[in-house]
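One structure below.
Protein chains: 2
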Amino acid sequence: MDNILENKEKTPLTALGEFGLINHLTKDITIKNKSTILGVGDDAAIVDGKQQCMVVSTDLLVEGIHFDLHYSPLKHIGYKAIASNLSDIAAMNAKAEQVLVSIAVSNRFSVEAIDELYSGIYACCEKYGVDLVGGDTTSSVSGLFISITVLGYTTKRKITRRSTAKENDLICVSGDLGAAYMGLLVLEREKKVFLENPEIQPELDAHSYILERQLKPEPRLDIVDELKRCEIVPTSMIDISDGLASEILHICEQSGKGCVLYENKIPIDTKTYTTALEFGILPSIAALNGGEDYELLFTIKQKDYENIQEIANVTIIGYIRDKASGCSLITYDNKAISLTAQGWDAYLKEKPEKREKRE
Amino acid sequence: MDNILENKEKTPLTALGEFGLINHLTKDITIKNKSTILGVGDDAAIVDGKQQCMVVSTDLLVEGIHFDLHYSPLKHIGYKAIASNLSDIAAMNAKAEQVLVSIAVSNRFSVEAIDELYSGIYACCEKYGVDLVGGDTTSSVSGLFISITVLGYTTKRKITRRSTAKENDLICVSGDLGAAYMGLLVLEREKKVFLENPEIQPELDAHSYILERQLKPEPRLDIVDELKRCEIVPTSMIDISDGLASEILHICEQSGKGCVLYENKIPIDTKTYTTALEFGILPSIAALNGGEDYELLFTIKQKDYENIQEIANVTIIGYIRDKASGCSLITYDNKAISLTAQGWDAYLKEKPEKREKRE
Numbered sequence: 055m056d057n058i059l060e061n062k063e064k065t066p067l068t069a070l071g072e073f074g075l076i077n078h079l080t081k082d083i084t085i086k087n088k089s090t091i092l093g094v095g096d097d098a099a100i101v102d103g104k105q106q107c108m109v110v111s112t113d114l115l116v117e118g119i120h121f122d123l124h125y126s127p128l129k130h131i132g133y134k135a136i137a138s139n140l141s142d143i144a145a146m147n148a149k150a151e152q153v154l155v156s157i158a159v160s161n162r163f164s165v166e167a168i169d170e171l172y173s174g175i176y177a178c179c180e181k182y183g184v185d186l187v188g189g190d191t192t193s194s195v196s197g198l199f200i201s202i203t204v205l206g207y208t209t210k211r212k213i214t215r216r217s218t219a220k221e222n223d224l225i226c227v228s229g230d231l232g233a234a235y236m237g238l239l240v241l242e243r244e245k246k247v248f249l250e251n252p253e254i255q256p257e258l259d260a261h262s263y264i265l266e267r268q269l270k271p272e273p274r275l276d277i278v279d280e281l282k283r284c285e286i287v288p289t290s291m292i293d294i295s296d297g298l299a300s301e302i303l304h305i306c307e308q309s310g311k312g313c314v315l316y317e318n319k320i321p322i323d324t325k326t327y328t329t330a331l332e333f334g335i336l337p338s339i340a341a342l343n344g345g346e347d348y349e350l351l352f353t354i355k356q357k358d359y360e361n362i363q364e365i366a367n368v369t370i371i372g373y374i375r376d377k378a379s380g381c382s383l384i385t386y387d388n389k390a391i392s393l394t395a396q397g398w399d400a401y402l403k404e405k406p407e408k409r410e411k412r413e
Numbered sequence: 055m056d057n058i059l060e061n062k063e064k065t066p067l068t069a070l071g072e073f074g075l076i077n078h079l080t081k082d083i084t085i086k087n088k089s090t091i092l093g094v095g096d097d098a099a100i101v102d103g104k105q106q107c108m109v110v111s112t113d114l115l116v117e118g119i120h121f122d123l124h125y126s127p128l129k130h131i132g133y134k135a136i137a138s139n140l141s142d143i144a145a146m147n148a149k150a151e152q153v154l155v156s157i158a159v160s161n162r163f164s165v166e167a168i169d170e171l172y173s174g175i176y177a178c179c180e181k182y183g184v185d186l187v188g189g190d191t192t193s194s195v196s197g198l199f200i201s202i203t204v205l206g207y208t209t210k211r212k213i214t215r216r217s218t219a220k221e222n223d224l225i226c227v228s229g230d231l232g233a234a235y236m237g238l239l240v241l242e243r244e245k246k247v248f249l250e251n252p253e254i255q256p257e258l259d260a261h262s263y264i265l266e267r268q269l270k271p272e273p274r275l276d277i278v279d280e281l282k283r284c285e286i287v288p289t290s291m292i293d294i295s296d297g298l299a300s301e302i303l304h305i306c307e308q309s310g311k312g313c314v315l316y317e318n319k320i321p322i323d324t325k326t327y328t329t330a331l332e333f334g335i336l337p338s339i340a341a342l343n344g345g346e347d348y349e350l351l352f353t354i355k356q357k358d359y360e361n362i363q364e365i366a367n368v369t370i371i372g373y374i375r376d377k378a379s380g381c382s383l384i385t386y387d388n389k390a391i392s393l394t395a396q397g398w399d400a401y402l403k404e405k406p407e408k409r410e411k412r413e
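Just so you know, the protein sequences line up as chains A and B, in that order. Whatever position you read off the first sequence (first residue = 1), add 54 for the working numbering. Whatever position you read off the second sequence (first residue = 1), add 54 for the working numbering.
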């Protein structure tokens, strides 16, 4: 009756990758409503509510792709699902006020398991003053799926898009990078040990900082507040979910600009640094390509240079330049290399060991 | 490491059912933001945008639960996913203007298959003047998952909730009922025939009306427009996704009222009627308990009785009474029987043959 699923002479999804697929699917959209200020292509869409602007963002999280119940407690999964969406709203320089949460669960989950998940969802909503206002619950044939939609508010003047970075703007990042990725590697290593011998207790205590960054990330709403206090409106902003390299390339591409990043300026916590070396990974590679840090990456005008020093935990790591000059990383030994994104891609960039397991 | 999935002495999800689970998960919510006017519990949440109110609703659709690729073309699945969400916004007496669409797909889907899905999504957005403004695409380990969020607008005065029906209000329904359910039964029968002998062509032509009602439902935005033209603001409204009985019980329960429905007033198309008899089902049972009609069920003040006659395809089927008198159906032979909901329940009400197949 229906042969659309036969893959003969069809294009595999991997040929496009996630961003390619999004572009492919949305390239012909034309906006029909006045209330639609900005559609697909940023951390959130923008809809008009007279004086205020509403921003709205949505994410779909899939068991086995975005989280692994072998090492992520359900409470943490719920917390992180909300946190990562609040981060999208923060990246628009807005304050999240409502979320809608939908779940599809197979019958291997009990009510108590779903309660665990929701306890994390509510904990994050509570911490950041967000109302859960809707959603959907349904069954799935297998696995857990979580869809989150978040609504946030700001004024038209304060909204920060990805596409508005200007030449000579300073590139800033909050907090430190690479920790969540190193946390993931530790969890995967301990999972492997556990699966081989369930008697062995996982060695996790020494890694509590990076594990917390992976399992229970916090959206940087404090940075949004601080920017407001210091009267800085970033010229562009994005949250780091896919890795620094991928995100700065998004800003540059959408702004029609190039950039220079300095490897020695990238903020990396000592714990991240030592764990990366333990795994034989260059710490700056973890920071550039490891995802899920949920820090904010933003650009400011040079005139805000003094002002930005007032905000703790913000580091200037480079500057925006013209498009023709390209996007470069200046390495520790002062060489300029081309920046490429190897960030999280739900289709392409599965880690080799993960791909092997599934085949 | 994590034993939350072990079901020993845990409560199975089936013990609660879908509505029970929603209540269980959301009963302790308190609203934190002024912009949140109404949260969980209606067709959509209501958020304030000064003069206008925004309504927002979300749905998660799961392959094997909400749709079956054996008989639903992907284009229709996409169309219906949007249509059913626009119906939720119509049920708030609002106009939908933006949607966000997230999909999780396994690698058995090709780009062409996803294009088919989106062609239906875009066709419905185009038909109803809605902007697609965001979403998420990711992979799933197996199956197709579609999450839709829709934003709509109306004024505070015009919003129609479920909880505001008053005694003696007239109960109205748009269009005719039971068609989508009979369409589903025909498709399931033909699927069975096809699976047993793929050479046999399905006999679908004679059933085009009910098949279209199942595969490509249309949200009744025309009724919202007509209500506006006739200056009628319903006292309550809901869309019929789970069956007439289930929906009127939602209105009565949330309004703290009872009701009387007249079996002989329930609008049923001739095609639905004859197909129901062919399957040995009482046509009014199909109308009362069959879901997915996406017609609007609403209550109006008695003073609007004359006015409502101006709208084609609206039928008065009963009235609201006090809670203590309960919810009754007056049958063809003039007996009063208690109304009970046997509508679609994603956890409990799988058809027996479906459940067998999965076990």
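From the three backbone atoms N, C-alpha and C, an ideal C-beta is built for every residue, glycine too. None of these values were measured; they are calculated from a predicted model.
A:Ala158 belongs to the set of residues whose beta carbon lies under 8 angstroms from a beta carbon in chain B. Among the residues of the segment 192-205 of chain A, those with a Cβ less than 8 angstroms away from any Cβ of chain B are Thr192, Ser193, Ser194, Val195, Ser196, Gly197, Phe199, Ser201, Thr203, Leu205, in the order of the chain.
Val110, Ser111, Thr112, Asp113, Leu114, Leu115, Val116, Glu117, Gly118, Ile119, His120, Leu123, His124: these are the residues of the segment 109-124 of chain A whose beta carbon lies less than 9 angstroms from some beta carbon of chain B, given in chain order. Its Cα nearest to that of B:Leu171, the residue B:Ile131 stands out among B:Ile131, B:Phe163, B:Ile322, B:Gly183. For B:Ser295, no chain A residue has a Cβ inside 9 angstroms of its Cβ, as the nearest lies near 11 angstroms away.
B:Leu224: not part of any alpha helix (DSSP H); member of the beta strand (DSSP E) spanning 224-228, first to last residue. Exclusion of the five residues before and after B:Ser228 leaves Arg274, Ile277, Glu349, Leu350, Asn367, Val368 as the residues of its chain whose Cβ lies within less than 7 angstroms of its Cβ.
In terms of beta-carbon proximity, B:Thr80 lines the interface with chain A, with at least one pair separated by less than 8 angstroms. Residues of chain B with a Cβ closer than 7 angstroms to the Cβ of A:Asp190 are, in chain order, Thr112, Asp113, Leu114. The beta-carbon of A:Val165 is placed less than 8 angstroms from the nearest beta-carbon of chain B. In the three-state reduction of the DSSP assignment, B:Gln106 falls in the strand class. Beta-bridge analysis with DSSP links A:Arg375 to A:Gly312.
Counting only residues of its own chain and dropping the five nearest sequence neighbours on each side, B:Gly118 has a CB closer than 7 angstroms to the CB of Gly197.
For B:Ile85, at least one C-beta of chain A is nearer than 8 angstroms to its own C-beta. In summary, the residues of the segment 206-240 of chain A whose CB is separated from some CB of chain B by less than 7 angstroms are Tyr207, in the order they occur in the chain. Sequence-distant Cβ neighbours of A:Lys149 in its own chain, meaning closer than 8 angstroms and more than five residues away, are Ile143, Gly206, Tyr207, Thr208, Leu275, Val278. Here the alpha carbons of A:Glu151 and A:Ala177 stand approximately 14 angstroms from one another. DSSP places B:Asp279 in the helix class (H, G or I) of the three-state scheme. When the beta-carbon positions are compared, B:Thr289 and B:Asp223 come within less than 8 angstroms of each other.
Residue environment: B:Gln356 is assigned as exposed (fewer than 16 neighbouring CB atoms within 10 Å of its CB, all protein chains considered). For B:Thr329, the enclosing alpha helix (DSSP H) has its first and last residue at 324-332. Chain B has no Cβ within less than 8 angstroms of the Cβ of A:Pro288. The alpha carbon of B:Asp259 has as its nearest neighbour, out of B:Pro271, B:Glu250, B:Val240, B:Phe248, the alpha carbon of B:Val240.
Bounds of the beta strand (DSSP E) holding B:Ile354 are 350-354. For A:Asn251, no Cβ of chain B is located within less than 8 angstroms of the residue's own Cβ.
Residue pairing of A:Thr394 in beta bridges, as defined by DSSP: absent, with no partner found. If you check the CB distance, A:Phe121 and A:Cys226 do not come in under 8 angstroms.
In terms of Cβ geometry, A:Gly174 and A:Tyr133 form a close pair [threshold 8 angstroms]. Within the segment 258-304 of chain A, the complete alpha helix (DSSP H) segments at least 4 residues long are 262-269, 275-283, listed from N- to C-terminus. Spatial neighbours of A:Cys306 in its own chain (CB-CB distance under 8 angstroms, excluding positions within 5 residues in sequence) are listed in chain order as Ala219, Gly312, Cys313, Ile374, Lys377, Cys381. In the DSSP assignment, A:Val116 forms a beta bridge with A:Phe199. At a C-beta separation below 9 angstroms, A:Ala177 has no neighbours in chain B, since its nearest C-beta there lies roughly 12 angstroms away. In its chain, beyond the 5 residues on either side, Asp230, Ala233 have a beta carbon closer than 6 angstroms to the beta carbon of A:Asp323. Within chain A, the C-beta atoms nearer than 8 angstroms to that of B:Ala69 come from Val165, in chain order.
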